[in-house]
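Participant:
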Amino acid sequence: MILDGQTKVYGIFGYPVKHSKSPTFQTAAFQHLGINAVYVPFEVNPESISQAVESLRVLKISGVNVTIPHKESVVPYVNELSDEVKVIKAANTIKNVDGYLIAYNTDWYGFVEGLKELEPTIEGKKVLVIGAGGSSRAIIYGLLKEGVDKIYLANRTVERAKKLLNEYLQHFKVVDKIIHPIPLADINEIVKEVDIIVNTTSVGLNDEDFPLFNYDFIEQRHTVVDIIYKETKLLKVAKEKGCKYQNGYPMLIHQGAKSFEIWTGQKAPIDVMKKSLSLHY
Ligand code: ATR
């Protein structure tokens, strides 16, 4: 790679950002296509987020990804929100067009594309989504776009799941026929009704974490996704039962691929991006 005065700068805002895999696979994609650009990590303290967004204009940084904990807090500081950001209320991608900043959310797309690697037809499926935080909002947006039949939205704080439903009702008219908020305690009863199980919570990150429900109820016909970047207990059980299953990496790669396409207008080399990560974990 040769850097010169015309090298474009891309990056990621996060806190912490040390463990991000995005610089690795985005750089691999730029290099593969011969694009004169770099992609670097920016550790941004939460209290500095407005200045960090302004710095994109000042330093003419071409675009950034935005990760935890900034996905919601960047939204007030950009010039324009894409439609999905208006619904999800969180952005993971900013494009700088001559100082005019446009925010996008590609997490929902990343989730859908990742899931399609296991389950080519999502339309008409019944899905259990565990968690009602930021990741869940994006995933639900994707599932609704794909035309799922039902989403059982299980959350420790069931009020938060109801709030999500009420907000989505303002954008999708009859979504109360699709999304059903339930407490975690009800999961065991509804697992038999669903085709796809998705964990969006951090439960499972530590091996000693309590299971979210009784994993004995998982059947071979279930497709199981955990957006944590490892083989959690939930995924281990899915594997033992012979289910189709995946961790958070397919979603990560596909959200990044979409961001790449938004920035460059070129098709992302997905296989190159995937391969670059397998060298590192
Ligand atoms: P993210 O942006 O990653 O989705 P978040 O917005 O902080 O993160 O949401 C975290 C989700 O994990 C929430 O659904 C949270 O449940 P509450 O809404 O009840 O807080 C869920 N979560 C976190 N720790 C949990 C635990 N120990 N048991 C069950 N759910 C948990």
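First residue of the sequence shown? That's 1 in the numbering used here, and the numbers climb one at a time after it.
Ideal Cβ positions, reconstructed from N, Cα and C, are used throughout, including at glycine.
1. Below 8 Å on the Cβ atoms is my contact criterion, and I expect residue 92 with residue 105 to pass it. Report the Cβ-Cβ distance as a whole number of Å.
2. Does the region 60-74 come close enough to the region 216-225 to have 3 or more Cβ pairs within less than 8 Å?
3. Tell me which residues share the same chain as residue 190 and place their Cβ nearer than 6 Å to its Cβ, disregarding the 5 neighbours each side in the sequence.
4. In three-state terms, what does DSSP make of residue 8?
5. May I ask whether a heavy atom of the ligand ATR can be found less than 7 Å away from the beta carbon of residue 156?
6. Which term fits residue 73, buried or exposed, when burial requires 16 or more other beta carbons within 10 angstroms of its beta carbon?
7. Check whether the region 58-65 touches the region 7-20, counting contact only when three or more Cβ pairs, one atom from each stretch, lie closer than 8 Å.
8. Would the beta-carbon of residue 181 fall within 8 Å of that of residue 150?
9. Smallest Cα separation from residue 122: which of 135, 107, 38 and 194?
10. Got a sec, what are the start and stop residues for the alpha helix (DSSP H) residue 83 sits in?
11. From the DSSP output, read off the bridge partner residues of residue 246.
12. For a quick check, are the C-beta atoms of residue 206 and residue 231 less than 8 Å apart?
13. Hey, out of 254, 272, 261 and 237, whose CA is closest to residue 116's CA?
14. Less than 6 Å between C-beta atoms, sequence neighbours within five positions excluded: which residues of the same chain meet that for residue 279?
15. Taking only three categories from DSSP, how would you classify residue 70?
16. Starting from the C-beta of residue 55, find all residues in its chain whose C-beta is less than 8 Å away, skip the five residues before and the five after it, and write them out in chain order.
17. Check each candidate in 175, 118 and 240 and name the one with the smallest Cα separation from residue 225.
18. Closer than 7 Å to a non-hydrogen atom of the ligand ATR - does that hold for the CB of residue 194?
19. State the Cα-Cα distance for the pair residue 273 and residue 110, rounded to the nearest angstrom.
20. Taking 8 Å as the threshold (C-beta atoms), are residue 103 and residue 75 in contact?
21. If you check the beta carbons only, do residue 137 and residue 196 fall under 8 Å apart?
22. Look at the alpha carbon of residue 233 and the alpha carbon of residue 203, and state the distance between them as a whole number of angstroms.
23. Using only alpha-carbon positions, find the residue among 249, 170, 201 and 174 that is nearest to residue 134.
24. If I measure Cβ to Cβ from residue 114 and keep anything under 7 Å in the same chain, skipping five residues before and after, which residues do I get?
25. How about residue 34: is its Cβ closer than 7 Å to a heavy atom in the ligand ATR?
Facilitator: The relevant details are as follows:
1. As a first step, residue 92 is located in the sequence shown; it is residue number 92 there, counting from the start. As a first step, residue 105 is located in the sequence shown; it is residue number 105 there, counting from the start. Rounded to whole angstroms, the Cβ separation of residue 92 and residue 105 is 6 Å, and the two are in contact under 8 Å.
2. The region 60-74, when compared against the region 216-225, does not touch it at the 8 Å Cβ threshold.
3. Within the sequence shown, residue 190 is the residue found at index 190, counting from 1. 152.
4. Here residue 8 refers to the residue found at position 8 of the sequence shown. Here residue 8 carries a strand assignment [DSSP, helix/strand/coil].
5. Within the sequence shown, the letter at position 156 stands for residue 156. Result yes, Cβ under 7 Å from the ligand ATR.
6. To locate residue 73, count along the sequence shown from 1; it is residue 73. When all chains shown are included, residue 73 counts as buried.
7. As far as the Cβ criterion goes, the region 58-65 touches the region 7-20, which means the pair count is three or higher.
8. Working through the sequence shown from its first residue, we reach residue 181 at position 181. Working through the sequence shown from its first residue, we reach residue 150 at position 150. Contact: no.
9. Here residue 122 refers to the residue found at position 122 of the sequence shown. Ranking the options by Cα distance to residue 122, first place goes to 194.
10. The count along the sequence shown starts at 1 and reaches residue 83 at position 83. For residue 83, the enclosing alpha helix (DSSP H) has its first and last residue at 83-88.
11. Here residue 246 corresponds to residue number 246 of the sequence shown, with the count starting at 1. Residue 246 is bridged to 225.
12. Working through the sequence shown from its first residue, we reach residue 206 at position 206. Working through the sequence shown from its first residue, we reach residue 231 at position 231. Contact flag unset, no.
13. By one-based count along the sequence shown, residue 116 stands at place 116. Nearest of 254, 272, 261 and 237 to residue 116, Cα basis: 254.
14. Walking along the sequence shown from the start, residue 279 turns up at place 279. Low confidence applies to residue 279: its pLDDT is 44, below 50, so where it sits in the model is not reliable enough to give any reading.
15. Looking up residue 70 in the sequence shown gives position 70. For residue 70, the secondary structure class from DSSP, reduced to helix, strand or coil, is coil.
16. As a first step, residue 55 is located in the sequence shown; it is residue number 55 there, counting from the start. In the same chain as residue 55, and ignoring 5 residues on each side of it, the C-beta atoms closer than 8 Å to its own belong to 61, in chain order.
17. The residue given as residue 225 occupies position 225 in the sequence shown. It is 118.
18. The residue given as residue 194 occupies position 194 in the sequence shown. With a threshold of 7 Å, the Cβ atom of residue 194 does not count as near the ligand ATR, since no heavy atom of the ligand is closer than that.
19. Translated into positions along the sequence shown, residue 273 becomes position 273. Translated into positions along the sequence shown, residue 110 becomes position 110. Near 13 Å, if we compare the C-alpha coordinates of residue 110 and residue 273.
20. Here residue 75 is taken as the residue at index 75 of the sequence shown, counted from 1. Here residue 103 is taken as the residue at index 103 of the sequence shown, counted from 1. A Cβ-Cβ contact shorter than 8 Å links residue 75 with residue 103.
21. In the sequence shown, residue 137 corresponds to position 137, counting from 1. In the sequence shown, residue 196 corresponds to position 196, counting from 1. Contact: no.
22. In the sequence shown, the residue the question calls residue 233 occupies position 233. In the sequence shown, the residue the question calls residue 203 occupies position 203. Residue 233 and residue 203: Cα-Cα distance of roughly 10 Å.
23. Here the question's residue 134 lines up with position 134 in the sequence shown. Comparing alpha carbon positions, the residue from 249, 170, 201 and 174 closest to residue 134 is 201.
24. Here residue 114 refers to the residue found at position 114 of the sequence shown. Only 246, 250, 251 and 254 meet the Cβ criterion.
25. Counting from one through the sequence shown, the residue named residue 34 turns up at place 34. The answer is no for residue 34.
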